[in-house]
Structure formats: structure tokens, C-alpha cells
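2 protein chains.
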Amino acid sequence: MAVKTRDARPSDAEMEVLKAFWAHGDASARELHDRLPAELGWAYSTTRTVLERMRAKGLVTRKAVHGLAVYGAAEGKVGLLARMIRDFSHHVLGVDGPLPVSAFTGSTILSKAEIAELEARLKDDAEDGR
Amino acid sequence: MAVKTRDARPSDAEMEVLKAFWAHGDASARELHDRLPAELGWAYSTTRTVLERMRAKGLVTRKAVHGLAVYGAAEGKVGLLARMIRDFSHHVLGVDGPLPVSAFTGSTILSKAEIAELEARLKDDAEDGR
DNA sequence: GTCCTGACGTTACACATGTAGCGTCAGGGT
DNA sequence: ACCCTGACGCTACATGTGTAACGTCAGGAC
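Just so you know, the protein sequences line up as chains R and D, in that order. First residue of the first sequence? That's 0 in numbering that gives the first Met the number 0, and the numbers climb one at a time after it. First residue of the second sequence? That's 0 in numbering that gives the first Met the number 0, and the numbers climb one at a time after it.
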């Protein structure tokens with residue numbers, strides 16, 4: 000519970016990586032690269048650099064499995080998205096109060112249950128993240 | 000209607016400027032600077048630089064009024080926000096279809112009418128902005 | 001034992017962004 | 001006529017981001 004994954008705002012490229020982790024779980028750099036959408040057109044080295052930077056920022060974790068480096072998202076999808084949504088709403092839309100997430104029903108990366116959880120979080124912790 | 004204000008995604012700092020324009024209308028660099036929230040702590044020169052970069056990107060317009068440079072938002076609040084929301088939703092949340100904006104009712108920078116318009120736009124043009 | 005291959009770490013480089021200073025020129029005050 | 005002030009244009013510089021190559025080392029192929 001003492002996860003102090005405080006801020007760390009993922010960039011666009013980083014979001015792609017996170018989505019891949021959320022969708023298919025932890026992976027080695029090579030596996031991750033292979034599962035990233037081909038449209039990105041990244042070179043393998045690009046994938047690795049992005050990954051390494053994310054590790055530096057604490058966005059992904061890394062553990063050695065039989066000597067192979069395996070990465071994974073450091074923070075859960077819902078938690079991170081809650082923060083990002085709050086940020087966006089506040090800062091771009093000027094919305095302050097708790098906002099209904101009813102809007103995101105069509106999400107391809109969130110299940111019904113996750114949306115419910117997301118809603119709960121957005122309603123909840125509005126006064127802690129620095 | 001041939002406004003081709005295509006993309007141009009405003010950064011955080013740029014959003015501050017746009018919000019100021021939307022809230023109080025066109026202004027000279029000095030006026031704009033004075034009306035920006037003091038919490039930003041920008042130096043006047045910073046305001047001017049941001050403004051100039053925005054002009055380069057086509058985010059703001061500039062006209063000389065009696066020799067004084069007066070700037071203004073190039074694109075309407077609703078239009079720009081519609082694009083930003085679509086972007087965010089798609090890219091961060093993986094939402095594709097038309098999304099209900101019902102969520103943004105608490106916005107301090109959007110009126111009821113504007114939210115309605117926003118909703119219309121989000122529903123509408125989903126296939127043009129390259 | 002030698003060599004190839006793939007994983008790793010390190011470094012590079014261009015452009016965006018946040019933040020700000022310097023030099024110049026014109027108009028108004030005295 | 002001269003100087004001050006403010007507006008403008010340019011330049012600067014650190015950090016973030018997108019994108020990628022180079023060099024090294026270990027384990028398996030032969």
C-alpha cells in the first residue's frame with residue numbers, strides 16, 4: 000500500500016508501452032517490442048530506450064527472470080488513468096469537482112468493472128497527489 | 000469556413016494563454032501577461048516567447064492595432080477542446096466512438112451552451128482532422 | 001576453442017517546451 | 001534636441017521526448 004508512485008506523467012510513446020503491458024502483462028524488451036502496434040514503426044532500440052526511461056521515472060518495474068530482464072507496468076491502469084483524467088479535466092477543461100466517468104464507456108482498454116473503480120477513485124482522492 | 004487550423008496541440012503553458020484569451024478576449028502581450036494567473040510566476044519575457052511560438056504554430060493570431068500588436072486565440076474554445084478531448088480519449092483511454100461529454104458539466108471554462116456544442120462536435124466530425 | 005547472436009548498457013541527436021535575458025527602435029516627456 | 005520607457009525581435013539554455021545506433025559480453029552453435 001505504501002506505493003509512492005506519485006506523479007510521473009507518461010508521454011505518448013510511454014502510454015503505448017503501458018497499454019501493451021496492461022493488455023498482455025509483463026514482458027521482456029523483445030516481447031514488448033513485438034507486441035507493440037506495428038504502426039508505431041519503432042526500431043527495437045527505440046522500444047528499449049523508452050522502456051529504460053520509463054524505468055528511470057518509475058513508470059515500469061524491472062526484474063530479472065533467469066537472467067532476462069522482464070518489465071511490467073509499475074502502476075495499475077486504473078490508478079494511473081484516474082490521475083491522468085483528473086489532470087486533463089482540471090487543466091484543460093477547468094473542471095474541479097468529481098467528474099462522472101460515464102463518458103468513457105466505449106473504452107477499449109477499460110472493462111465495466113474498471114470504469115466503476117475509476118469512477119470511485121475520481122470521486123475519492125481529489126486532495127492528496129501533491 | 001475555410002479555416003484550416005488543423006492540428007497544433009497546445010502545451011500546458013500554451014493552454015494557459017488560450018484560456019486567458021477565451022476568458023477575456025484579445026489582448027496585447029502586456030495585457031495578456033497581466034491577466035495570466037500570478038501563480039504561474041512567468042516573467043513578462045516568458046509570456047512573450049510563449050505567445051510568439053503560438054503564433055508560429057498558428058494557435059494565436061496577431062494584428063496591429065494602431066501599431067500595437069494585439070493577439071487573440073486563432074481557434075474557438077469549443078473547437079479546440081473538442082479536438083483535445085477526442086485525442087485524449089482515443090489515445091489515453093482507447094475510446095473510439097462518439098463520447099458523451101456529460102462529464103464536463105462542472106467546467107469553469109465552459110458554459111452549458113458550449114458543452115452542448117462540444118457534444119455535438121464530438122459526435123460529428125470524427126473523420127477529418129487528419 | 002571460436003564465432004555468431006541476442007541482450008544490455010551507453011551515447012547521440014533533433015526538435016519541443018519552459019523559462020528568461022539582451023539589444024534596438026520609436027514615441028512621449030521635459 | 002535628448003533621454004527614458006516600453007514594445008519588439010532575437011538569442012539562450014536546460015530538460016523532455018522521439019528515434020536510433022554503437023560497443024560489449026555471455027551463451028549456444030559448430
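For every residue, glycine included, the Cβ atom is placed at its ideal position computed from N, Cα and C.
Rounding to the nearest angstrom, what Cα-Cα distance links R:I84 and R:G105 in this structure?
Spanning the two alpha carbons is a distance of roughly 15 Å.
If you measure from the beta carbon of R:F87 to each beta carbon in chain D, is any gap under 9 Å?
Closer than 9 Å to some Cβ of chain D, the Cβ of R:F87 qualifies, so yes.
For D:H90, which residues in chain R fall below 8 Å Cβ to Cβ?
The contacting residues are D11, M14.
Under the DSSP definition of a beta bridge, which residues are partnered with R:R61?
BP columns for R:R61 point to R:Y70.
What are the residues that DSSP puts in a beta bridge with R:A26?
For R:A26, which the question treats as bridged, DSSP gives the partners R:Y70.
Measure from the alpha carbon of D:S10 to the alpha carbon of each residue in D:L31, D:K111, D:G93, D:L79, then state which is nearest.
Of the listed residues, the one whose Cα sits closest to D:S10 is D:L79.
Quick one: is D:S106 near chain R, going by C-beta distance under 9 Å?
Yes, D:S106 lies at the interface with chain R (some Cβ there is under 9 Å from its Cβ).
Measuring alpha carbon to alpha carbon, tell me which of R:V77, R:V94, R:E51 ends up nearest R:A68.
Nearest of R:V77, R:V94, R:E51 to R:A68, Cα basis: R:E51.
Do you know offhand how far D:V91's Cα is from R:K122's?
C-alpha separation (whole angstroms): 20 Å.
Could you give the residue range of the alpha helix (DSSP H) that holds D:V77?
Looking at the DSSP string, the run of the alpha helix (DSSP H) that includes D:V77 is 76 to 87.
Which two residues bound the contiguous alpha helix (DSSP H) that contains R:S44?
Note, R:S44: alpha helix (DSSP H), 43 to 56.
At the level of alpha carbons, what is the spacing between R:L35 and D:K18?
Each residue's alpha carbon lies about 36 Å from the other.
Any Cβ of chain R within less than 9 Å of the Cβ of D:M83?
Chain R contact via Cβ: present.
For D:D11, does the three-state DSSP call read helix, strand or coil?
Note: D:D11 maps to helix in three-state DSSP.
Under the rule that 16 or more other beta-carbon atoms within 10 Å means buried, what is R:Y70, buried or exposed?
It counts as buried.
When you compare only the Cα positions, how much space is there between D:A28 and R:E74?
Whole-angstrom Cα-Cα distance: 42 Å.
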